[in-house]
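There are 2 protein chains.
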Amino acid sequence: MTDKDLKTEEKILEAAANEFLQKGKSGARMQEIANNAGINKALLHYYYRSKDKLFESVFTVVIKKLLLSKVNKIIEEEKDAIGLVRRFVATYIDIINKNPMIPFFVLEEITKNPGRLTNSMLNSGLPINKVFNLINDSAKQGVIREIEPQQLIINILSMSIFPVIGRNMFQPILFNDNKKAFDQFLESRKTEVADFIIRSIQPDK
Amino acid sequence: MTDKDLKTEEKILEAAANEFLQKGKSGARMQEIANNAGINKALLHYYYRSKDKLFESVFTVVIKKLLLSKVNKIIEEEKDAIGLVRRFVATYIDIINKNPMIPFFVLEEITKNPGRLTNSMLNSGLPINKVFNLINDSAKQGVIREIEPQQLIINILSMSIFPVIGRNMFQPILFNDNKKAFDQFLESRKTEVADFIIRSIQPDK
DNA sequence: GTCTATAAATTGATAGAC
DNA sequence: GTCTATCAATTTATAGAC
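This is the structure:
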């Protein structure tokens, strides 16, 4: 491939990501992608054979952007549940706030096309067992109260992800549609959510 | 309208709801709706002028099913934040568990078509100010700790709604894709989520 | 009101020149 | 590699008979 090839191929991928993130798989239009990439529709099929293939490429890129990297490292390093919660929440909400379209995009695809997960993603995935053990161990050592790991994990993820996904519901209803106020709210949750959780999993006295 | 009219009109609406809930607005197919309603495609346009109009009708019906009714009553009746949390969570999760497709459907539409909310829904909506006051008053009276109402409200909604919306992610990753286990998990959250929240908003000593 | 047949529009994909 | 022109398939919408 020449330099020029790569440039076009990437311009397409970027335009495609924008379109798919905004409108979803079935709502996206190849014509729009071509326009925004500043090229012709035929070129889309030259580089990526079909709409499905193009979507596949976008999905793969986006997933890598959202997950892993930082998250895996945190799970490996942290030694007790309290520290894990605090650091995970701060990092994860930061990533999501900076890429607010991604969670819904991933959610939509996995919801409408479940076979998606069971394959590649699950294996290359997170060390989830490590998290289970860490929660159970911390409970035994009295660092936190007893709690089912799944309940805690899903609570953490829900409070981190859903506010961003549901922004268009929450901002009008709870913030008078004030964009700045809601941005500030999301920012505040980097610590607020961790505090909320840690209060709840404090050991009984 | 005769009896027969109503029957057909409702059969269409039901079939349309199924299709739209499953595939979303742009993924849904008029042909599928006609098939599942046991009638002809032309009849869809006879009763509802276009796909958009049909979707509109479905959306309105679905919204009413999800919200209001029970929720409003609870907000009116409960006198302090603890009671509100416990009763709201139990009721709301119950509604969602029984209609698990609705939250994503509503979310998708509002996300991709924001002008949606600002109009009819916001006005006929929930007595949100009442909830704000109730949280603030309960804090002043020492029933719960100080907390921004928005933080608490969004935490409650996130933990209630997101597990159902994200089922196809959580069930494979956290429950070995065991459907029964996940159903049981969702059921348990009717009380688990309230407990989790109430622990966190206990007053400081 | 309900059907069949068909139009009209949208859109993903390909052929072929440069 | 990139373009124009066009095809083919899908899908919404309508015309017109019963």
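In the order they appear, the protein sequences are chains W and Y.
In this text, residue positions in the first sequence follow this note's numbering: the first is -8, and each later residue adds one.
In this text, residue positions in the second sequence follow this note's numbering: the first is -8, and each later residue adds one.
All C-beta atoms, glycine included, are put in the ideal place defined by N, C-alpha and C.
When Y:Y39, Y:K14 and Y:E1 are compared, the shortest CA-CA separation from E99 (chain Y) is found for Y:K14. Nearest Cα to T51 (chain Y) within the set Y:I101, Y:V76 and Y:K32: Y:I101. Nearest in C-alpha terms to T82 (chain W), of all of W:L57, W:D43, W:M92 and W:L165, is W:L57. Taking a C-beta distance under 7 Å as the contact criterion, S129 (chain Y) and A72 (chain Y) qualify as a contact pair. Within 7 Å of the CB of T102 (chain W), the CB atoms of chain Y belong to F95 and N159, in sequence order along the chain.
With respect to A19 (chain W), E5 (chain W) sits apart: the two C-beta atoms are not nearer than 7 Å. Secondary structure at N90 (chain Y): coil, using DSSP grouped into helix, strand and coil.
P105 (chain Y) has a beta carbon lying within less than 7 Å of a beta carbon in chain W.
Just so you know, the alpha carbons of K44 (chain W) and E69 (chain Y) end up roughly 53 Å apart.
Put simply, the CB of I145 (chain W) is near chain Y, with a gap under 7 Å to one of its CB atoms.
Chain-ordered, the chain Y residues with CB closer than 8 Å to the CB of K14 (chain W) read S17 and K103. In this structure D195 (chain W) does not touch R107 (chain W) by the C-beta definition: roughly 41 Å separates them, more than the 8 Å allowed. Contact between the stretch 131 to 146 of chain Y and the stretch 163 to 171 of chain W is established, with three or more Cβ pairs separated by less than 8 Å. For S60 (chain W), there is no enclosing alpha helix (DSSP H), as DSSP marks it with neither H nor E. Secondary structure at A19 (chain W): coil, using DSSP grouped into helix, strand and coil. Take the alpha-carbon of E67 (chain Y) and the one of N120 (chain Y): they are about 11 Å apart. Counting only residues of its own chain and dropping the five nearest sequence neighbours on each side, I65 (chain W) has a CB closer than 8 Å to the CB of L75, R78, F79 and T82. For Q162 (chain Y), the three-state secondary structure derived from DSSP is helix. The C-beta of P163 (chain Y) comes closer than 7 Å to at least one C-beta of chain W. For Q141 (chain Y), the uninterrupted alpha helix (DSSP H) run begins and ends at P140 to I156, by DSSP. Annotation: Cβ neighbours of E183 (chain Y) in chain W (cutoff 7 Å, chain order): Q142. One Cα belongs to N63 (chain W), the other to N127 (chain W), and the distance between them is close to 19 Å. Between V53 (chain W) and F96 (chain W) the beta-carbon gap is near 6 Å, inside 8 Å, which marks them as a contact.
Contact between I87 (chain Y) and I152 (chain Y) holds, with the beta-carbon distance rounding to 6 Å and staying under 8 Å.
Residues N88 of the same chain have their beta carbon placed closer than 8 Å to that of E178 (chain W), with the five preceding and five following residues left out of the count. Short of 8 Å from the beta carbon of L117 (chain W), and not among the five residues preceding or following it, lie these beta carbons of its own chain, in chain order: L58, L59, V62, N63 and I66.
Distance from the CA of P91 (chain W) to the CA of P105 (chain Y), rounded to the nearest whole angstrom, comes to 15 Å.
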